[in-house]
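Inspection log for the structure reproduced underneath, given as structure tokens.
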Amino acid sequence: MAQWKVPVEAYKGRILEVTIGRGSKAVKIGGENVFAFNQTFDEGQWPNSPKVAVEVWDREPLGWSEGILKVYGDSVKDPAQWTKKVVDELSPDLLFFYLISTDPNEEDRSPDEAARVVKAAYEAAGGVPFIVYGVGNDSKDPEVLRKVAEALKGENLLIGPAIKEDYEPIAQAAKDFDHCVSSQAPMDINLQKEMDVKLSRILPKEKIVLDPLAPCVGVGLEYGFSIFERQKHAAVSFGDEMMQMPMLANFSFEVWKTKEAKENEKMGIMWEEMTAMAYLVAGANILVVRHPETYRRVKGMIESYKG
Amino acid sequence: MAIKGGDLAKLLPKRKGCKDCGFPTCFAFAMKVASGAEDIDKCPHLDPKVKEQIREMLAPPILPVTLGKGERALTIGEEEVVFRHEKTFYHQPGIGVLISDKESETDWERKLKAVLEMTFERIGRILRPDLAVLWAESGDEGKYLELVKKASDASADLPLVLMAPLDLALKALEVCGKDRRPLIYAVTKADLDGYFPKLKEAGVPVAVKGGLEELPEVTERLKAEGMKEIVLDTGSRNLWEVVKEQILLRRAAIKQGFRPLGYPTIVFPCFMADDLEGQYMAASALVTRYAGIVVLSDFVPEYLYPLLTLRMNIYSDPRVPMTVEAKLYEINAPSPDSPLLVTTNFALTYFAVAAEAEATKVPSWLLVQDTEGLCVLAAWSTGKFNGETIAMAVKKLGVEEKITSKKIVIPGLLARIKGELEDELPGWEVVVGPREASGLSSFLPEFAGRG
Ligand code: SF4
Chain A
1 MAQWKVPVEA YKGRILEVTI GRGSKAVKIG GENVFAFNQT FDEGQWPNSP KVAVEVWDRE
61 PLGWSEGILK VYGDSVKDPA QWTKKVVDEL SPDLLFFYLI STDPNEEDRS PDEAARVVKA
121 AYEAAGGVPF IVYGVGNDSK DPEVLRKVAE ALKGENLLIG PAIKEDYEPI AQAAKDFDHC
181 VSSQAPMDIN LQKEMDVKLS RILPKEKIVL DPLAPCVGVG LEYGFSIFER QKHAAVSFGD
241 EMMQMPMLAN FSFEVWKTKE AKENEKMGIM WEEMTAMAYL VAGANILVVR HPETYRRVKG
301 MIESYKG
Chain B
1 MAIKGGDLAK LLPKRKGCKD CGFPTCFAFA MKVASGAEDI DKCPHLDPKV KEQIREMLAP
61 PILPVTLGKG ERALTIGEEE VVFRHEKTFY HQPGIGVLIS DKESETDWER KLKAVLEMTF
121 ERIGRILRPD LAVLWAESGD EGKYLELVKK ASDASADLPL VLMAPLDLAL KALEVCGKDR
181 RPLIYAVTKA DLDGYFPKLK EAGVPVAVKG GLEELPEVTE RLKAEGMKEI VLDTGSRNLW
241 EVVKEQILLR RAAIKQGFRP LGYPTIVFPC FMADDLEGQY MAASALVTRY AGIVVLSDFV
301 PEYLYPLLTL RMNIYSDPRV PMTVEAKLYE INAPSPDSPL LVTTNFALTY FAVAAEAEAT
361 KVPSWLLVQD TEGLCVLAAW STGKFNGETI AMAVKKLGVE EKITSKKIVI PGLLARIKGE
421 LEDELPGWEV VVGPREASGL SSFLPEFAGR G
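If you read the sequences in order, they're chains A and B. Using my numbering, the first residue of the first sequence is number 1, and each one after it goes up by one. Using my numbering, the first residue of the second sequence is number 1, and each one after it goes up by one.
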């Protein structure tokens with residue numbers, strides 16, 4: 001019988017190592033030259049396990065499920081207290097701070113006010129790194145994110161999303177005040193590459209994280225899953241330097257918008273956990289989750305991996 | 001590892017001017033056979049040994065295995081790629097429930113009912129689990145055979161896995177019958193000498209259990225006995241270890257073309273976590289990483305439904321756009337004077353629009369027009385989504401009888417078709433809606449309030 005040779009592969013590319021935050025709780029992501037969870041093959045290194053961020057809003061949440069509100073209690077009425085509560089309860093790797101109140105179609109909170117709220121929350125977080133996201137409005141986000149960047153100068157936040165219409169001022173703000181920026185191309189590898197080329201002319205590649213969008217189970221997960229795999233391939237197998245930034249899978253908002261999650265919390269948690277597992281396997285470097293139970297479980301899964 | 005016509009032609013007899021296969025040359029015939037269009041049997045001049053060799057070359061890199069029969073039959077294997085974006089994954093993994101003979105009869109009945117009756121509908125497709133794994137855990141043979149009897153009486157064609165020591169599994173096979181094609185679980189290296197020809201005569205698929213280095217020896221022996229329907233279990237029960245082995249097995253079959261490992265797999269999340277939640281999370285990772293059969297210790301709708309949905313997603317064909325049925329959808333119980341929104345049948349567009357419209361609580365109608373799965377702009381630029389096609393859909397789907405408001409909201413990206421749609425639909429007010437679905441949250445309440 002033919003002898004079997006274990007199909008260990010070697011790749012020429014490596015994901016860049018990006019640091020978010022400052023001080024002892026700063027997190028490092030990326031740095032691998034293998035696909036996710038492949039380190040056991042001795043194919044290469046996977047120095048930084050994927051990190052998980054917990055979603056927090058800049059105002060009291062609307063329509064969040066009871067189980068979450070029970071954990072956080074009244075703290076959710078104030079973003080800083082809410083942030084502190086999340087940190088106390090979960091000690092998350094990162095916080096994903098969503099500036100939903102700045103949406104010009106809704107509350108239209110001012111950039112100065114937004115910056116004040118983020119700063120108060122950040123100070124309550126005891127050094128846990130922040131991802132700060134605007135609502136994706138290309139006229140409002142640049143103003144808001146610039147103020148935020150300035151208020152927390154040097155704290156090395158991850159700010160975004162920088163989209164094709166507004167990447168320039170947002171990346172510039174990240175550069176001026178020493179933060180990282182997320183490059184968002186909605187499930188379009190060519191656009192992603194184009195954005196990365198442009199962004200890397202403004203700031204170092206080690207300050208960029210990719211956000212290809214991450215649709216959840218049942219609502220287009222297959223697209224996101226394959227985009228993550230393809231981008232990781234381009235970066236690791238083919239050594240494409242403009243794809244070698246770590247990837248962010250931001251799906252919690254989408255998960256909890258589904259009918260299934262809204263109507264049945266137990267199912268919603270599983271919906272979120274399975275979406276998380278799929279993106280872990282596909283190569284995400286940071287996941288954004290909402291439910292505390294999802295956070296604990298997904299962290300447990302990542303920690304159970306012994307490379 | 002698709003086989004090349006040229007390689008195949010080298011093995012053909014090359015009889016001058018023969019043409020018995022209906023082709024002018026051996027080479028022309030070989031090309032057709034390699035592409036799957038012709039059967040190698042059409043050449044009458046082949047040495048049987050060579051023919052067998054050719055069949056082997058033509059076989060898919062991961063052989064198919066079919067369990068059960070009739071409408072519930074489950075086929076796994078036959079996969080051709082490592083990553084779904086390279087082409088597509090073909091056969092969804094079977095999702096099974098573990099039933100132990102140690103459990104109470106009430107549990108047996110409950111679980112059998114679950115596997116037979118739990119169904120869910122999603123975008124017009126029925127999702128359901130596939131099989132029951134009957135586990136001889138108690139050591140009491142009588143009890144086990146009772147369980148097997150119960151399961152086979154519950155349904156004539158439900159795929160079963162007989163998870164028992166081989167002697168007992170062979171007895172169980174007599175209880176449930178060979179022609180329902182259960183999977184015997186499992187043959188190990190140690191069994192190889194004692195169970196032939198018994199196993200071969202059983203004529204049903206068998207699972208092989210052993211470490212990666214051990215498996216090829218066992219599968220080769222089974223193959224030599226003429227047994228080809230084989231399922232692999234590496235024996236590992238740690239999720240990430242199993243994920244790694246799944247990847248190695250897939251690479252072995254597809255990239256190395258190593259036949260002794262070219263079979264579908266069975267994995268056991270039921271033994272990977274202490275509770276159901278952990279099991280289902282493990283199962284989800286394994287659905288994305290090549291499992292052929294996934295065994296859970298119980299089915300609960302809150303976990304099973306997301307798993308089946310994930311499976312549908314991962315096994316959808318990336319070459320075909322995902323669509324929803326083109327029809328008139330009701331959002332928030334609309335009445336005849338509610339407004340009408342219109343969009344494409346590309347599933348992602350539909351999901352976004354439906355979810356945003358629903359969230360506003362404003363009652364409305366949503367007309368989904370068939371654009372062959374193209375999104376708004378792509379459909380417009382190829383002539384599949386414009387004033388004419390929308391008006392046609394309005395007429396075809398009987399919208400005018402149902403909706404008296406005569407107000408139609410078109411996607412903001414298509415503001416330019418406002419005029420043509422007004423011409424096509426006299427008496428209707430055509431309103432340009434937001435450019436993105438997310439804009440509906442402010443647009444719809446305002447529009448409805450305007451009356
Ligand atoms: S029948 Fe066989 S030998 Fe004759 S031409 Fe065809 S392939 Fe060649």
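Yeah, the Cβ is synthetic: ideal placement off N, Cα and C, and Gly gets one too.
Three-way DSSP call (helix, strand, coil) for Pro305 (chain A) in this model: It should be pointed out that residue 305 (chain A) corresponds to Tyr in this sequence rather than to Pro. Coil at Tyr305 (chain A), not helix or strand.
Within-8 Å CB hit, His85 (chain B) to chain A: yes
Opening and closing residue of the beta strand (DSSP E) in which Thr234 (chain B) lies: It is not in any beta strand (DSSP E) - Thr234 (chain B) carries neither H nor E in the DSSP assignment.
Where does the unbroken beta strand (DSSP E) through Asp211 (chain A) begin, and where does it stop? 208-211
Residues around ligand 1, please: the condition is that the C-beta lies closer than 5 Å to some non-hydrogen atom of it. B:Leu12, B:Pro13, B:Arg15, B:Cys18, B:Asp20, B:Cys21, B:Cys26, B:Phe29, B:Cys43, B:His45
Where does Gly160 (chain A) fall in DSSP's three states? If DSSP states are grouped into helix, strand and coil, Gly160 (chain A) belongs with the strands.
8 Å Cβ cut-off: residues of chain B touching Arg297 (chain A): Glu277, Gly278, Met281
Excluding the 5 residues flanking Leu168 (chain B) on each side, which residues of the same chain have their C-beta closer than 7 Å to its C-beta? Ala136, Glu141, Tyr144
Measuring CB to CB, does Gly220 (chain A) end up less than 8 Å from Phe351 (chain B)? Yes, the Cβ-Cβ distance between Gly220 (chain A) and Phe351 (chain B) is below 8 Å.
When we look at the beta-carbon of Leu377 (chain B) and count the other beta-carbons within 10 Å, is it buried (16 or more) or exposed? exposed
Mind checking who Trp365 (chain B) pairs with in its DSSP beta bridge? B:Glu330, B:Leu340
Let me know if Arg146 (chain A) comes out buried or exposed under the rule of 16 or more other beta-carbons within 10 Å of its beta-carbon. buried
Of all the options A:Val288, A:Gln244, A:Gly224, which has the alpha carbon lying nearest to the alpha carbon of Lys12 (chain A)? A:Gln244
For Leu341 (chain B) and chain A, any beta-carbon pair shorter than 8 Å? Chain A has no Cβ within less than 8 Å of the Cβ of Leu341 (chain B).
Is it buried or exposed for Leu248 (chain B), if we count other Cβ within 10 angstroms and need 16 for buried? buried
Keeping to the same chain, check which residues put their C-beta closer than 7 Å to that of Pro104 (chain A); ignore five residues upstream and five downstream. Result list for Pro104 (chain A): Asn137, Lys140, in chain order.
With 8 Å as the threshold, decide whether the Cβ of Met1 (chain B) is near any Cβ in chain A. With a pLDDT of 46 at Met1 (chain B), under the threshold of 50, the modelled position of that residue is not reliable, and the figure given next carries that caveat. No - not a single Cβ of chain A is within 8 Å of the one on Met1 (chain B).
Along chain B, in chain order, which residues have C-beta atoms closer than 7 Å to that of Lys219 (chain A)? Just to set this straight, residue 219 (chain A) is Val in the shown sequence, not Lys. In chain order: Phe351.
Let me know the secondary structure DSSP gives Tyr185 (chain B) once reduced to three states. strand
Within the continuous alpha helix (DSSP H) that includes Gln3 (chain A), where are the two ends? Here Gln3 (chain A) belongs to no alpha helix (DSSP H), and DSSP marks it neither H nor E.
If distances are taken between C-alpha atoms only, which option among A:Ala249, A:Val197, A:Glu60 comes closest to Met187 (chain A)? A:Ala249
Would you list, in chain order, the members of the region 229-251 of chain A that have their beta-carbon closer than 7 Å to a beta-carbon of chain B? In summary, the residues of the region 229-251 of chain A whose CB is separated from some CB of chain B by less than 7 Å are Glu229, Arg230, in the order they occur in the chain.
Interfacial residues, the region 277-306 of chain A to chain B, with Cβ spacing under 9 Å: Taking 9 Å as the Cβ-Cβ cut-off, the region 277-306 of chain A approaches chain B at Met277, Ala278, Leu280, Val281, Ala282, Glu293, Arg297, Val298, Gly300, Met301, Ser304, Tyr305, Lys306, given in chain order.
Which same chain residues, not among the five before or five after Arg72 (chain B), have their C-beta less than 8 Å away from its C-beta? Asp130, Ser155, Asp157, Leu158, Pro159
Closer than 8 Å, CB to CB, is Ala64 (chain A) near chain B or not? Ala is not the amino acid found at residue 64 (chain A); the sequence shown has Trp there. For Trp64 (chain A), the answer is no, since every Cβ of chain B falls outside 8 Å of its Cβ.
Suppose you measure from the CA of Val81 (chain B) to the CA of Pro60 (chain B); what does that come to, to the nearest Å? 11 Å
Cross-chain neighbours of Gln369 (chain B) in chain A, by beta carbon under 9 Å: Simply none; closest approach about 20 Å.
For Leu310 (chain B), does the three-state DSSP call read helix, strand or coil? helix
Assuming Leu191 (chain A) contacts Ala171 (chain A) (C-beta within less than 8 Å), just tell me the rounded distance between them. Incorrect: roughly 16 Å between the Cβ atoms, too far for contact.
Hey, could you find the ends of the alpha helix (DSSP H) Gly77 (chain B) is sitting in? Run containing Gly77 (chain B): none; DSSP gives neither H nor E here.
Just to check my reading of the structure: Ile269 (chain A) and His233 (chain A) have Cβ atoms closer than 8 Å, yes? What is that Cβ distance to the nearest angstrom? About 31 Å separates the two Cβ atoms, so there is no contact after all.
Minimum C-alpha distance to Thr66 (chain B) - residue among B:Arg180, B:Ala354, B:Pro321: B:Arg180
Beta-ladder partner(s) of Ile410 (chain B), from DSSP: Beta-bridge annotation (DSSP): Ile410 (chain B) is paired with B:Val432.
Considering only C-alpha positions, which residue in the set A:Leu158, A:Pro142, A:Ala149 is nearest to Lys164 (chain A)? A:Pro142
May I ask you to list, following chain order, the residues of the region 216-247 of chain B that have a beta carbon less than 9 Å from some beta carbon of chain A? Pro216, Glu217, Glu220, Asn238, Leu239, Trp240, Glu241, Val243, Lys244, Ile247
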